[in-house]
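Structure first, then comments.
Residue numbers (my numbering): 1 to 337.
Structure (structure tokens):
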């Protein structure tokens with residue numbers, strides 16, 4: 001037997017047909033018969049078999065994003081975390097609001113939830129989308145925009161049809177990363193190309209509005225998104241660059257107990273002096289770890305972290321200076337970073 005709330009949750013999240021439900025139940029019976037511990041069927045088991053029945057053609061159209069993160073892994077301001085929890089709650093409450101309360105019939109439209117995450121690269125937008133997918137129990141697929149937009153008339157619309165149809169069958173979350181190119185402001189019509197581009201945007205609006213699933217979009221600049229899209233989004237979340245306290249937490253959180261750290265590592269200094277995003281810090285930590293692994297003592301010390309930080313700055317077109325690194329600047333010079 002299974003908990004009635006768990007069954008209701010599966011019915012809400014996965015739009016399975018009769019044959020799919022029957023196949024899922026047969027799989028559960030088979031697993032239950034083999035199990036030594038025959039207690040109630042868990043929600044996780046229900047979601048697993050339902051997800052197996054949902055796999056469609058998404059793999060040909062998008063990349064599946066790993067769901068390795070939990071809510072506790074997010075390093076964000078409390079107001080942003082509260083907003084993320086609202087999104088998760090809204091997704092879980094769709095069946096109650098749209099079906100039991102009959103709001104879908106009264107309001108018209110689909111029962112989907114659309115969210116826009118705006119913020120600089122590396123501020124946690126993709127990680128947050130992964131957390132939401134993990135909390136809900138659905139797969140997350142990143143859409144490759146380059147594979148959607150076509151120079152041939154009518155092809156972009158066909159690609160969009162395939163994506164949304166596959167998402168409906170797969171019961172997955174659509175994740176349009178860096179969606180500015182596709183969801184940007186509609187242009188003034190000057191020629192046939194502009195007219196067709198605007199037709200594509202209008203068609204995409206229609207697909208989102210009629211989609212009963214979950215859609216998450218990200219942008220580096222919220223103002224670049226057409227207002228016709230933002231009006232159709234239930235949630236718009238702006239991800240700020242981390243402050244000193246959050247940067248220090250990000251630095252410390254990158255290192256587990258198994259990582260050999262030297263006593264001279266000063267996370268507070270790195271957080272104060274280097275205004276990096278979480279994505280930047282991740283790159284710097286990995287760079288320092290790889291250098292440490294290739295060294296004789298296999299230890300990550302402040303010198304390696306400073307060198308990795310200087311490398312990251314140069315990748316972004318910046319010149320490391322004593323202004324940022326202060327008394328550690330000699331380490332930058334000595335390493336030739």
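Virtual Cβ for every residue (Gly too), placed ideally from N, Cα, C.
For chain C, is any of its Cβ atoms less than 8 Å away from the one on residue 89? Protein chain content of the structure displayed is limited to a single chain, and chain C is not contained in it.
Identity of the residues DSSP links to residue 2 by a beta bridge: Here residue 2 refers to the residue found at position 2 when the chain shown is read from its first residue. According to DSSP, residue 2 bridges with 41.
Every unbroken beta strand (DSSP E) within the segment 65-127, with a cutoff of 3 residues, ordered by chain: 113-119
Between the Cα of residue 323 and those of 303, 274, 301, 291, spot the shortest distance and give me the residue it belongs to. Indexing the chain shown from 1 puts residue 323 at position 323. For residue 323, the nearest C-alpha among the options comes from 274.
Are there 16 or more other CB atoms within 10 angstroms of the CB of residue 160, so buried, or fewer, so exposed? Taking the first residue of the chain shown as 1, we reach residue 160 at position 160. Residue 160 should be labelled buried.
If you follow the alpha helix (DSSP H) that residue 241 is in, where does it begin and where does it stop? By one-based count along the chain shown, residue 241 stands at place 241. Per DSSP, residue 241 belongs to no alpha helix (DSSP H) and is neither H nor E.
Does the segment 286-303 come close enough to the segment 257-271 that 3 or more CB-CB pairs lie under 8 Å? yes
From residue 235 to residue 306, what does the alpha carbon distance come to, in whole angstroms? Sequence index remark: in the chain shown, residue 235 carries index 235 (1-based). Sequence index remark: in the chain shown, residue 306 carries index 306 (1-based). The straight-line gap from Cα to Cα measures roughly 39 Å.
Using three-state DSSP, classify residue 227 as helix, strand or coil. Here residue 227 corresponds to residue number 227 of the chain shown, with the count starting at 1. Residue 227 falls in the helix class under three-state DSSP.
Taking 8 Å as the threshold, find out whether the segment 92-111 comes into contact with the segment 23-33 through three or more Cβ pairs. no
Answer with buried or exposed for residue 72, where buried requires no fewer than 16 other C-beta atoms within 10 angstroms of its C-beta. As a position in the chain shown, residue 72 is number 72, starting the count at 1. Exposed, by the Cβ-count rule.
What are the residues that DSSP puts in a beta bridge with residue 62? Here residue 62 corresponds to residue number 62 of the chain shown, with the count starting at 1. Paired residue(s): 143.
Residue 277 bridges to which residues according to DSSP? Sequence index remark: in the chain shown, residue 277 carries index 277 (1-based). For residue 277, which the question treats as bridged, DSSP gives no partner whatsoever.
Provide the residue(s) that pair with residue 219 in DSSP beta bridges, ordered along the chain. Your numbering for residue 219 matches position 219 in the chain shown. Bridge partners of residue 219: 118.
May I have the straight-line CA-CA distance separating residue 123 from residue 246, to the nearest angstrom? Against the chain shown, residue 123 aligns to sequence position 123. Against the chain shown, residue 246 aligns to sequence position 246. Between residue 123 and residue 246, the C-alpha separation is close to 11 Å.
Reduced DSSP category for residue 255 - H, G, I as helix; E, B as strand; rest coil: Locating residue 255 in the chain shown gives position 255, where the first residue counts as 1. Of the three classes helix, strand and coil, the one that applies to residue 255 here is coil, per DSSP.
In three-state DSSP terms, what is residue 261? In the chain shown, the residue the question calls residue 261 occupies position 261. Strand.
Please tell me whether residue 110 and residue 238 are closer than 8 Å, where the distance is taken between their beta carbons. Looking up residue 110 in the chain shown gives position 110. Looking up residue 238 in the chain shown gives position 238. Going by C-beta atoms, residue 110 is not nearer than 8 Å to residue 238.
Kindly indicate the opening and closing residues of the beta strand (DSSP E) around residue 176. Translated into the one-based positions of the chain shown, residue 176 becomes position 176. Looking at the DSSP string, the run of the beta strand (DSSP E) that includes residue 176 is 173-176.
Can you tell me whether residue 132 is helix, strand or coil according to DSSP? Numbered from its first residue, the chain shown carries residue 132 at position 132. Correct three-state label for residue 132: helix.
Which whole-angstrom value is the C-beta distance of residue 47 and residue 10, which I expect to be below 8 Å? As a working note, residue 47 is residue 47 in the chain shown. As a working note, residue 10 is residue 10 in the chain shown. The Cβ separation is near 6 Å, so the contact holds.
Pick out whichever of 199, 176, 132, 211 has its Cα sitting closest to the Cα of residue 165. Numbered from its first residue, the chain shown carries residue 165 at position 165. For the residues 199, 176, 132, 211, the minimum Cα distance to residue 165 belongs to 211.
I need the straight-line Cα distance from residue 45 to residue 16, nearest angstrom please. Here residue 45 refers to the residue found at position 45 when the chain shown is read from its first residue. Here residue 16 refers to the residue found at position 16 when the chain shown is read from its first residue. So the alpha carbons of these two residues sit roughly 16 Å apart.
Here's the rule I'm using: 16 or more other beta-carbon atoms within 10 Å means buried, otherwise exposed. How should residue 296 be labelled? On the chain shown, residue 296 is found 296 positions in, with the first residue counted as 1. Exposed.
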